[in-house]
């Protein structure tokens, strides 16, 4: 049965639901271990390069890019816990004990809740940048961006600290007992209240915020294009600006990228939210060890793909990375660097993911 090689002090933290299943085949452990090695390598290289370039390139340290750095930090943090899972998987059990479990669950709670809020902040910044490009009503500065990020940490902290201290729900081993998370299988009132609360504040509200900001962006772009066409018609000219068709195609491309990346976020985190809700509210029969491991893998895919989606498409980032790796153009002059940086800042607001 599952838990056959688990120490007694570790078993005290395991929900009895998991102990009713047979122990998984060793091959399943090894496959998960290899999969997590792949996740770790791809994400650390991708997010590590994003943090390296954005933090060490002066021209890229803009208010908008601080939100990118924030999300990359969350994705990078998520992968710092994977060595625990890898080590346990190749030992076919919780070889690192309860301390490893608590560390794994804490990092997972921080990075999971933080990434949802970080995506919402990026969507908000993009909306303000596009709807008010001159900063008439609100100009995003580095100080304001850092304040918003600090508020995000305050917002997510209770959902991490309370279960860690077992003051409101608790962290517990799950699935193959080689990983840990919130105890969504308990019938206790505080567990159900915690699941409902974190589902509302860390999933529903961020997703709704992202949707609202994108809808407003699309409406603003559509209204702007309609106004430009109407004015062009009144003046009997094809367009009031050069390259109008190209600009329209660019806006459509941006819209498609935004929708695609929002879908990626939903793909990554909806399975985990669904499994937690099933376990907490009467669907335990459907939550098997294997089923519980699926959302753990899907959320890792977002951390792997995010850097390629929101940073690799950033021209100023690609140029800076190429120069650092010695395969790009020579470093530009100060004037051209500032121009390229500003162009990159304007575009990243439209290409960062939700």
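In full-length UniProt numbering, the protein residues as written are 1 to 354. For every residue, glycine included, the Cβ atom is placed at its ideal position computed from N, Cα and C.
* **Residues sharing a beta bridge with residue 180, DSSP** => 173
* Asked: How long is the line joining the alpha carbons of residue 71 and residue 13, rounded to whole angstroms?
  -> 31 Å
* Asked: What are the boundary residues of the alpha helix (DSSP H) that residue 82 is part of?
  -> 82-90
* Asked: So, residue 152 versus residue 63, is the Cβ gap smaller than 7 Å?
  -> No, the Cβ-Cβ distance between residue 152 and residue 63 is not below 7 Å.
* For residue 187, which option in 15, 83, 124 has the closest C-alpha, if you only look at C-alpha atoms? -> Answer by Cα proximity: 15.
* Go ahead and label residue 286 buried or exposed: buried means 16 or more other beta carbons lie within 10 angstroms of its beta carbon, across all protein chains shown. => exposed
* Helix or strand or just coil, what does DSSP make of residue 220? -> helix
* Asked: From which residue to which residue does the alpha helix (DSSP H) around residue 54 run?
  -> 26-56
* Asked: Within 10 angstroms of its Cβ, does residue 207 collect 16 or more other Cβ (buried), or is it exposed?
  -> buried
* So what does DSSP say about residue 186, is it helix, strand or coil? -> Of the three classes helix, strand and coil, the one that applies to residue 186 here is coil, per DSSP.
* Asked: Does DSSP put residue 289 in a helix, in a strand, or in coil?
  -> In this structure, residue 289 counts as helix in the three-state DSSP scheme.
* For residue 35 and residue 21, believed in contact at Cβ under 8 Å, the rounded distance -> Not confirmed; about 20 Å, so no contact.
* Exposed or buried, which one is residue 183 when buried takes at least 16 other CB atoms within 10 Å? -> buried
* Asked: Closest to residue 82 by CA distance: which of 299, 216, 204, 163 is it?
  -> Taking the Cα of residue 82 as reference, the smallest distance to any Cα among 299, 216, 204, 163 is reached at 299.
* Local Cβ density within 10 Å of residue 194, reported as buried at 16 or more and exposed below that -> buried
* **Boundaries (first-last residue) of the alpha helix (DSSP H) holding residue 114** => 97-131
* Residue of 54, 39, 24 minimising C-alpha distance to residue 314 -> 54
* Rounded to the nearest angstrom, how far is the Cβ of residue 289 from that of residue 18, given a contact under 8 Å? -> 7 Å
* With distances taken from CA atoms, which of 92, 52, 149 is nearest residue 6? -> Among 92, 52, 149, the Cα nearest to that of residue 6 is on 92.
* **Local conformation of residue 244 per DSSP, three classes** => Note that residue 244 scores a pLDDT of 48, beneath 50, so its modelled location is shaky and nothing firm can be said.
* In the structure shown, what three-state DSSP assignment does residue 164 receive? -> helix
* To do: Spatial neighbours of residue 115 within its chain, please: CB distance less than 6 Å, with the 5 preceding and 5 following residues excluded, ordered by chain position.
  => 74
* N- and C-terminal bounds of the alpha helix (DSSP H) containing residue 322 -> Boundaries of the alpha helix (DSSP H) around residue 322: 315-324.
* Identity of the residue in 45, 160, 58 nearest residue 107 by Cα -> The residue among 45, 160, 58 with its C-alpha nearest the C-alpha of residue 107 is 160.
* Asked: Sorted by chain position, which residues of the same chain lie with C-beta nearer than 8 Å to residue 197's C-beta, five sequence neighbours on each side aside?
  -> 159
* To do: Check whether the Cβ atoms of residue 210 and residue 118 lie closer than 7 Å to each other.
  => no
* Asked: Roughly how many angstroms lie between the CA atoms of residue 221 and residue 170, to the nearest whole one?
  -> 46 Å
* Asked: Is it the case that the CB of residue 81 approaches a heavy atom of the ligand ZN more closely than 6 Å?
  -> For the structure depicted, the ligand ZN is absent and the ligand set is empty, with no information on it obtainable.
* Contacting residues, own chain, Cβ-Cβ under 7 Å from residue 333 (five flanking each side not counted) -> Legend: pLDDT at residue 333 = 44, less than 50; position of this residue unreliable, value from coordinates given subsequently. For residue 333, where only same-chain residues beyond five positions count, there are no Cβ hits under 7 Å.
* Could you tell me if residue 322 is buried or exposed, where buried requires 16 or more neighbouring beta carbons within 10 angstroms of its beta carbon? => exposed
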